[in-house]
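**Q** Residue numbering for the sequence shown follows our numbering, beginning at 11 and increasing consecutively.
Let me give you the structure first, and then I'll get to my questions.
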Amino acid sequence: MQKHSDLFFQVISSVVPGGVDEGIAEFASYFEAIQLKTDDFFVREGTVCSRIGFIQKGMIRHYYIDDDVETTRWVSVEGEFITGLGSYIRQKPCNHNLQAIAPTELWVISKSNFDKAYQNSPAVRQLWLHTIEELCLGFEDRIYTQLSSDAEKRYLYMMEKWPQIIEKVPQKYIASMMGIKPESLSRLRAKLTQQRIS
């Protein structure tokens, strides 16, 4: 991985007016490249998350286990920042897992280095605020869609809002995010495909 990637700076520049200033350059210098194999963990449930990652390539699944049943909350894809947010902010054990579901390349910054950059740079503070806002809006969207829509409407909404997830994420994880069985999702996709060609 080249330090730093165009994608990394594209995402930052889309959020922070003026692009890469001295504060952002310092922030970027703290990131280190890591690679996760499929099924490797970025953070495990029960451990404290003390880093933030930026996905250069690959996918990270957010899931928890209850009564031996895995439930996928979300899948983060290329160009997104990831962390176990509650654990990271409170420095308490994480209540879910972040796991690679494909070979994944990340840029990673420790909490101590992030805090240093946050204190020194208004641009980093703006980036953090934007990231938190996007997370909150995404959670709100998914909660209200899950509660107020049937499976077909939820799937169509995901296709419109997060097409990269529909295109790249294995069907069993999409079904789990939607709260339905994989076979129900298969039937739904077949129905929508048939409607498009009729």
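Heads up, the beta-carbon is just placed ideally off N, CA and C, and yes, glycines get one too.
It should be emphasised that the depicted structure is a prediction, and the values quoted were computed from it without experimental measurement.
Could you check what DSSP says for ARG54 in three-state terms: helix, strand or coil?
**A** For the purposes of this step, residue 54 is taken as the residue at position 44 of the sequence shown. Coil, per DSSP.
**Q** Which full runs of the beta strand (DSSP E) of 3+ residues lie inside the region 31-79, going along the chain?
**A** Runs of the beta strand (DSSP E) inside the region 31-79: 42-46, 51-53, 61-67 and 70-76.
**Q** Tell me which residue opens and which closes the alpha helix (DSSP H) that THR114 is part of.
**A** Within the sequence shown, numbered from 1, the residue matching residue 114 stands at position 104. Not the alpha helix (DSSP H): THR114 falls in the beta strand (DSSP E), residues 114-120.
**Q** What does the alpha-carbon distance come out to for the pair PHE64 and GLY89?
**A** Within the sequence shown, the letter at position 54 stands for residue 64. Within the sequence shown, the letter at position 79 stands for residue 89. Using only the alpha carbons, I get a separation of about 7 Å.
**Q** Determine, using beta-carbon pairs with one atom in the region 123-136 and one in the region 102-115, whether at least three such pairs fall under 8 Å.
**A** No, the region 123-136 does not touch the region 102-115.
**Q** Quick check on the burial criterion: 16 or more other C-beta atoms within 10 angstroms. Buried or exposed for PHE149?
**A** Position 139 of the sequence shown, counted from the start, is the residue given in the question as residue 149. So PHE149 ends up on the exposed side.
**Q** DSSP state of THR93, grouped into three classes?
**A** Within the sequence shown, numbered from 1, the residue matching residue 93 stands at position 83. DSSP places THR93 in coil when its eight states are reduced to three.
**Q** Compute the Euclidean distance between the alpha carbons of LEU108 and GLN204, then round it to the nearest angstrom.
**A** Indexing the sequence shown from 1 puts residue 108 at position 98. Indexing the sequence shown from 1 puts residue 204 at position 194. Those two C-alpha atoms are separated by around 35 Å.
**Q** Can you give the Cα-Cα distance for ALA209 and GLU143, rounded to whole angstroms?
**A** Residue 209 lies beyond the stretch modelled for the chain, which goes from 11 to 208, so this question has no answer here.
**Q** So for TRP138, helix, strand or coil by DSSP?
**A** Along the sequence shown, read from residue 1 onward, the residue named residue 138 stands at position 128. Correct three-state label for TRP138: helix.
**Q** Considering only their Cβ atoms, is the gap separating ILE22 from LEU137 smaller than 8 Å?
**A** Within the sequence shown, numbered from 1, the residue matching residue 137 stands at position 127. Within the sequence shown, numbered from 1, the residue matching residue 22 stands at position 12. Contact flag set, yes.
**Q** Can you give me the C-alpha to C-alpha distance between ILE119 and ILE175, rounded to a whole angstrom?
**A** If you number the sequence shown from 1, residue 119 lands on position 109. If you number the sequence shown from 1, residue 175 lands on position 165. Going by the C-alpha atoms only, they are around 25 Å apart.
**Q** Ignoring anything shorter than 3 residues, give me the beta strand (DSSP E) runs that lie fully in the region 183-207, in order along the chain.
**A** With a minimum length of 3 residues, no continuous beta strand (DSSP E) run stays inside the region 183-207.
**Q** Should the region 81-96 be called in touch with the region 181-188, which here means at least 3 C-beta pairs below 8 Å?
**A** As far as the Cβ criterion goes, the region 81-96 touches the region 181-188, which means the pair count is three or higher.
**Q** Closest to CYS146 by C-alpha separation, out of GLY96, ASP49, PHE52 and VAL179, would be which residue?
**A** Taking the sequence shown and counting its residues from 1, one reaches residue 146 at position 136. If we check each option's Cα against that of CYS146, GLY96 comes out closest.
**Q** Going by DSSP in three states, PRO103 sits in which element: helix, strand or coil?
**A** Here the question's residue 103 lines up with position 93 in the sequence shown. Correct three-state label for PRO103: strand.
**Q** Taking 7 Å as the limit between beta carbons, can you name the residues of its chain near MET11, skipping five residues before and five after?
**A** Position 1 of the sequence shown, counted from the first residue, corresponds to residue 11. Confidence at MET11 is low in this model, with a pLDDT of 48, below 50, so its placement is unreliable and the value that follows should be read with caution. If we look at MET11 and ignore the five residues flanking it on each side, its Cβ neighbours are ALA43, GLN66 and GLU115.
**Q** Here's the rule I'm using: 16 or more other beta-carbon atoms within 10 Å means buried, otherwise exposed. How should PHE37 be labelled?
**A** The sequence position of residue 37 within the sequence shown is 27, counting from 1. So PHE37 ends up on the buried side.
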